[in-house]
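Position one of the sequence shown corresponds to residue 186 (my numbering), numbered consecutively onward.
Even glycine gets a Cβ: it sits at the ideal position worked out from N, Cα and C.
Heads up: the structure comes next, in structure tokens.
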Amino acid sequence: MFETVMILLCVIVAPLWIIFHYVTRWKQMKGLTAEDEANLGDLRRLADRLEDRTRTLERILDAEVPDWRSRNHDL
């Protein structure tokens with residue numbers, strides 16, 4: 186009887202316990218932490234600044250070298 190109970194525990198209960206344990210861990214890690222959100226916010230602000238700089242440089246080049254886009258388009 187004891188052996189039967191142990192076999193059932195090892196074959197049915199233990200694998201389910203392990204699966205549910207790791208599913209729960211996976212769901213906990215699925216969301217972003219506050220630090221992750223802060224980092225994403227910082228990266229977004231940096232990307233916005235770089236985009237503004239790129240637009241400014243393109244406006245300057247458009248004013249000073251009007252055909253720069255067509256000359257460097259193939260690079």
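Between the alpha carbons of D221 and L201, how many angstroms are there, rounded? For the purposes of this step, residue 221 is taken as residue 36 along the sequence shown, with counting starting at 1. For the purposes of this step, residue 201 is taken as residue 16 along the sequence shown, with counting starting at 1. Cα to Cα, the separation comes out at about 32 Å.
For H214, which three-state DSSP category applies? As a working mapping, residue 214 is identified with position 29 in the sequence shown. Reading off the sequence shown, one finds Met at residue 214, where the question assumed His. DSSP places M214 in helix when its eight states are reduced to three.
Put P200 into one of helix, strand or coil per three-state DSSP. To locate residue 200, count along the sequence shown from 1; it is residue 15. Correct three-state label for P200: helix.
Over what stretch of residues does the alpha helix (DSSP H) that includes V190 continue unbroken? Locating residue 190 in the sequence shown gives position 5, counting from the first residue. It spans F187 to L193 - the alpha helix (DSSP H) in which V190 sits, taken as one unbroken run.
Can you give the Cα-Cα distance for T239 and P251, rounded to whole angstroms? Here the question's residue 239 lines up with position 54 in the sequence shown. Here the question's residue 251 lines up with position 66 in the sequence shown. Approximately 16 Å, taken between the alpha carbons.
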